[in-house]
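Take a look at the structure below.
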Amino acid sequence: RTYSLHHLPKEERAAEALTYLERWFAYARTKLHHSWCDSDCAFPSLTKIPRGCSKKRKPGATASTKTTSFANVCVKWGSPMSDTNFTQVLNIVAEAAGISRNLLGDEIWFTSHCFRRGGAQYRFMFAPEKRRWSLKLVKWWAGWAPSEKAETVTRYLLDDVLDREENQLGDSLVPDAVSCSSASLESIRDIEYGSSQAETDDCEEIQVVQ
């Protein structure tokens, strides 16, 4: 499939790819002294990636505090980046940014799937109302087979939101919670699908129709 990228409005900048792709092309030209040609891959294969967070640690293992360096990484411009390459780099960057663990301190292991699912959920539910996509368009863009049942895709899109509702509201008795309205409901303010704001600030029961 061929996907066309465009610059998006300011309110959708976090979901835009073209700006950051252009920055990568410019960086490769100026910093890596690479002259782009038609046979190059936009995301080339990498070798000698530092180990650091390149592999998922076993439970109980501690993370290294040593700064990860990419100085020795080699780029194969004519070969596409493998999923393993991408996962290694993604988790190294996540660890450096301080987002490799959740609120409970458990390690999070990111894969490319988080962008696929997150992008599908954003376009289906959380994008500005006029920029939301139909289920059919989301299925095409995300690469689902036309024969995939709508029920399966819908659960794929909504399960994460339902999980957040259960996890957040189920922990409402935590001692340091500010209040139901400012703690629990704020984190799931979009649980009313199609609404960009919470319906009320009161601590009301939230019901999800399954």
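Per my numbering, the very first residue in the sequence shown carries number 33; after that it's consecutive.
Just so you know, even glycine gets a beta-carbon here, dropped at the ideal spot from N, CA and C.
Treat the numbers as computed from the prediction; the structure is a model and nothing was measured.
Own chain, CB closer than 8 Å to residue i, minus 5 neighbours either side, in chain order
| i | result |
| --- | --- |
| L64 | V107 |
| I140 | A126, I131, S132, R133, N134 |
| N104 | K80, P82 |
| W165 | R155, F156, A159, W173 |
Which of helix, strand or coil DSSP assigns to residue i
| i | result |
| --- | --- |
| R133 | strand |
| V107 | strand |
| A215 | Only weak support is given to the placement of A215: the predicted model assigns it a pLDDT of 46, under 50, and the question is left unresolved by the model. |
| E127 | helix |
| E139 | strand |
| T79 | strand |
| S86 | Reliability of the predicted coordinates at S86 is poor, the pLDDT of 46 falling under 50, and no value is obtained from them. |
| H38 | coil |
For residue i, the nearest candidate out of the options (CA to CA)
| i | options | result |
| --- | --- | --- |
| S101 | E127, W56, S111 | E127 |
| E161 | L50, E54, E44 | E44 |
| R163 | R33, S179, K42 | K42 |
| R187 | R149, D203, P207 | R149 |
| L78 | D138, V121, P207 | V121 |
| L203 | C69, S71, L136, P178 | Going by the sequence as given, residue 203 is Asp instead of Leu. Taking only the C-alpha atoms, the option nearest D203 is L136. |
Supposed contact pair residue j and residue i - C-beta distance, whole angstroms, cut 8 Å
| i | j | result |
| --- | --- | --- |
| L189 | F158 | Between F158 and L189 the Cβ distance is about 11 Å, and since that is not below 8 Å, they are no contact. |
| P112 | F75 | 7 Å |
| A58 | H66 | In fact, because the Cβ distance is near 11 Å, the residues do not count as touching under 8 Å. |
| V170 | A152 | 5 Å |
| A182 | L167 | 6 Å |
Contacts around residue i, its chain only, beta-carbon distance under 6 Å, and the 5 residues preceding and following it disregarded
| i | result |
| --- | --- |
| T119 | T143 |
| L37 | A49, L50 |
| R55 | none |
Pair within 8 Å by beta-carbon distance, residue i and residue j
| i | j | result |
| --- | --- | --- |
| W176 | V185 | yes |
| G254 | C73 | Any question about residue 254 goes unanswered here, given that the chain covers just 33 to 242. |
| A254 | L40 | Nothing about residue 254 can be read from this structure; the chain reaches only from 33 to 242. |
| N123 | S132 | yes |
| N134 | I81 | no |
Beta-carbon proximity list for residue i, same chain, < 7 Å, skipping 5 on both sides
| i | result |
| --- | --- |
| T51 | H39 |
| Y270 | With the chain represented from 33 up to 242, any question about residue 270 goes unanswered, as that position is not in the structure. |
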